[in-house]
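Trainee: Number 277 in this note's numbering belongs to position 277 of the first sequence; there are no gaps in the numbering. For each residue, glycine too, the CB sits at the ideal point set by N, CA and C.
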Amino acid sequence: MTQRMLVPPPVHSEAAKLHRDEVKMELENSALWKQFSSQGTEMIITKKGRRMFPGLRLKLSGLNPSFRYILLLDIVPVDNSRYRFQGGGWQAVGAAEARLPDRAFIHPDSPATGAHWQSRTISFHYAKLTNNTLDTQGHIILHSLHRYQPRVHVIEARDMLRWGGGQHTFVFPETQFITVTAYQNSKITDLKINSNPFAKGFREDGMNSKRQRDARQKRKVVNLKDTLENANCDSAEFLPEPTSPRTDLQALGLASLPQPPEPRCVFKAGEASYQDVLAHDQSLDLGQSFLASGMSDIGIAMNHRMQERQENEEAERMIER
DNA sequence: TCGGCTAGCACATTTGAAAGGG
DNA sequence: ACCCTTTCAAATGTGCTAGCCG
């Protein structure tokens, strides 16, 4: 299998500039992404599939309002390395795993008119990442501890059967991330907890915060002790197993001890040499791709859906009359 | 022994159905 | 009958942790 080129053509080429004037994509939550990126973004991947956080929130402009477009998200490896978090930073420690068949996530609104895409914020929050190579749910399959770059493709629907023509690829370097099955960098964990509403329970004032969890643990031990005492047993024999060293430290309030000096972070996400670039020359090689939304035969499915939509819109127009 | 992965947990949010009122 | 709001439960999304595995 041929490796796809990742780096798009030079930004300043006349062709690119002309094209940039036509179709533009903006990463709406770029500030949040940059916050994560400055620490080395980590994305959890699980067997069942995990959403990305932050998600990709995009604004599109320059489309023809009446043309129909399909939006795709795919995620490609940035390099051929496997990474390990050591000494407070991410370091390449060996060769990457064999590359998996590419999967692209089709935005559920696809195909939709340019007017549709341009009238709202486009979100890919339904896309899920998995490390299950046998996944049948259509999630995007990635290797753990590898560095990836999400890309968004805008394809004119009438061109969908001849991939490579009339498509625009957008890459935002700040959305690069390293896949993990458990967070490595506590700063990333804190950022996620503080900015993801679903993780509110883990915030300082939440019921799942360290403080509350430790208190619960304490109460558990006390209750168990009481129970054992009431049952008149030899409590020493039935005391719970000692907790992990980390929990012990937390319980003792040692978590607040000064942290070791922050070593130099090896992964500098801002180093990427391209930004918000149209990779027009780099055709989306969908011949190699499995399309993740479950529509393996995208042509048939899209045609069907387009026809359905046209019928619906026709019906709506008739009602309006 | 160690690093990485997984299942189960508690908690929060989201979603959709049902109920009630105007 | 319809619309809107409220309530509730189920589903889903989170990070944490103990234990397993290679």
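Can you say whether Q310 is buried or exposed, counting buried as having 16 or more other CB atoms within 10 angstroms of its CB?
Mentor: Against the first sequence, residue 310 aligns to sequence position 310. In this prediction, Q310 scores a pLDDT of 44, lower than 50, which makes its location untrustworthy; no coordinate-derived value is stated.
Trainee: If we count the other Cβ atoms within 10 Å of its Cβ and call it buried at 16 or more, is Q86 buried or exposed?
Mentor: Counting from 1 along the first sequence, the entry for residue 86 is found at position 86. Looking at its Cβ environment, which holds fewer than 16 other Cβ atoms inside 10 Å, Q86 is exposed.
Trainee: Throw me the rounded Cβ distance for the T179 and L145 pair, which I believe falls under 8 Å.
Mentor: Looking up residue 179 in the first sequence gives position 179. Looking up residue 145 in the first sequence gives position 145. At roughly 6 Å, the Cβ-Cβ gap stays under 8 Å, so T179 and L145 are in contact.
Trainee: Which partner residues of E156 appear in the DSSP bridge assignment?
Mentor: The residue labelled residue 156 in the question sits at position 156 within the first sequence. Y69.
Trainee: Output needed for L191: all residues of its chain with C-beta closer than 8 Å, excluding positions within five of it in sequence on either side, in chain order.
Mentor: Working through the first sequence from its first residue, we reach residue 191 at position 191. Q35, F36, Q39.
Trainee: For F172, tell me which candidate among R57, Q118, G89 has the shortest Cα-Cα distance.
Mentor: As a working note, residue 172 is residue 172 in the first sequence. Nearest C-alpha to F172: R57.
Trainee: For a quick check, are the C-beta atoms of L63 and V154 less than 9 Å apart?
Mentor: Residue numbering aside, residue 63 sits at position 63 when the first sequence is read from its first letter. Residue numbering aside, residue 154 sits at position 154 when the first sequence is read from its first letter. Contact: yes.
Trainee: Looking at the unbroken alpha helix (DSSP H) that takes in E116, where does it start and where does it end?
Mentor: The residue you call residue 116 lines up with position 116 of the first sequence. Here the sequence assigns His to residue 116, which means Glu is not the residue at that position. Counting along the chain, the alpha helix (DSSP H) containing H116 begins and ends at 114-118.
Trainee: So what does P26 bridge to, in DSSP terms?
Mentor: Along the first sequence, read from residue 1 onward, the residue named residue 26 stands at position 26. The question names Pro, but residue 26 in the sequence shown is Glu. For E26, which the question treats as bridged, DSSP gives the partners K59.
Trainee: Return the bridge partner residues of Q137 from the DSSP annotation.
Mentor: Reading the first sequence from its first residue, position 137 is the one you call residue 137. Answer by DSSP bridge pairing: none, since Q137 is not bridged.
Trainee: Compute the distance between the beta-carbons of S81 and G94, then report whether it is under 9 Å.
Mentor: Here residue 81 is taken as the residue at index 81 of the first sequence, counted from 1. Here residue 94 is taken as the residue at index 94 of the first sequence, counted from 1. Contact flag set, yes.
Trainee: Would you mind giving the Cβ-Cβ distance between L73 and A104, rounded to the nearest angstrom? I have them listed as a contact below 8 Å.
Mentor: Against the first sequence, residue 73 aligns to sequence position 73. Against the first sequence, residue 104 aligns to sequence position 104. The pair is a contact, with the Cβ atoms about 7 Å apart (cut-off 8 Å).
Trainee: Which term fits A115, buried or exposed, when burial requires 16 or more other beta carbons within 10 angstroms of its beta carbon?
Mentor: As a working mapping, residue 115 is identified with position 115 in the first sequence. With fewer than 16 other Cβ atoms within 10 Å, it is exposed.
Trainee: Taking C-beta to C-beta, are H143 and E97 nearer than 9 Å?
Mentor: Residue numbering aside, residue 143 sits at position 143 when the first sequence is read from its first letter. Residue numbering aside, residue 97 sits at position 97 when the first sequence is read from its first letter. It is a contact, given that the beta carbons lie within the stated cut-off.
Trainee: Any idea what DSSP makes of E174, helix, strand or coil?
Mentor: Stepping through the first sequence from its first residue, residue 174 is reached at position 174. In the structure shown, E174 sits in a helix (DSSP, three-state: H, G or I).
Trainee: Just grab the DSSP bridge partners of E97 for me.
Mentor: The sequence position of residue 97 within the first sequence is 97, counting from 1. Paired residue(s): none; E97 is not in a bridge.
Trainee: Alpha carbon to alpha carbon, how far is K47 from R147? Give it in angstroms, no decimals.
Mentor: Counted from its first residue, the first sequence places residue 147 at position 147. Counted from its first residue, the first sequence places residue 47 at position 47. Taking the straight line joining both Cα atoms gives about 18 Å.
Trainee: What number of angstroms, rounded off, separates the C-alpha of I106 from the C-alpha of P77?
Mentor: Here residue 106 refers to the residue found at position 106 of the first sequence. Here residue 77 refers to the residue found at position 77 of the first sequence. For I106 and P77, the distance between alpha carbons rounds to 19 Å.
Trainee: Considering only the beta carbon of each residue, do F170 and V152 sit closer than 9 Å?
Mentor: For the purposes of this step, residue 170 is identified with residue 170 of the first sequence, where counting begins at 1. For the purposes of this step, residue 152 is identified with residue 152 of the first sequence, where counting begins at 1. Contact flag set, yes.
Trainee: Quick check on the DSSP output: the alpha helix (DSSP H) that includes L191 runs from which residue to which?
Mentor: As a first step, residue 191 is located in the first sequence; it is residue number 191 there, counting from the start. Where L191 is concerned, the enclosing alpha helix (DSSP H) stretches over 186-195.
Trainee: Starting from the Cα of P111, find the closest Cα among P65, L32, T41, A199 and give me that residue.
Mentor: For this step, residue 111 is matched to residue 111 along the first sequence. Measuring from the Cα of P111, the nearest candidate turns out to be P65.
Trainee: Which residue comes first and which comes last in the beta strand (DSSP E) that contains I106?
Mentor: If you number the first sequence from 1, residue 106 lands on position 106. Unbroken beta strand (DSSP E) run through I106: 103-106.
Trainee: Name the DSSP beta bridge partners of Q86, please?
Mentor: Position 86 of the first sequence holds residue 86. Note: Q86 sits in a beta bridge opposite G89.
Trainee: Tell me which same chain residues have a C-beta within less than 7 Å of the C-beta of E42, skipping the five on either side of it?
Mentor: Taking the first sequence and counting its residues from 1, the one referred to as residue 42 is at position 42. Here the set comprises F177, I178, V180, Y183, Q184, N185, I188.
Trainee: If you count every other CB in all the chains shown that lies within 10 Å of the CB of R68, and 16 or more means buried, which is it?
Mentor: Along the first sequence, read from residue 1 onward, the residue named residue 68 stands at position 68. R68 is buried by the Cβ-count criterion.
Trainee: Take H125 as the anchor and find which of N29, E22, S61 has the nearest alpha-carbon.
Mentor: Locating residue 125 in the first sequence gives position 125, where the first residue counts as 1. Among N29, E22, S61, the Cα nearest to that of H125 is on N29.
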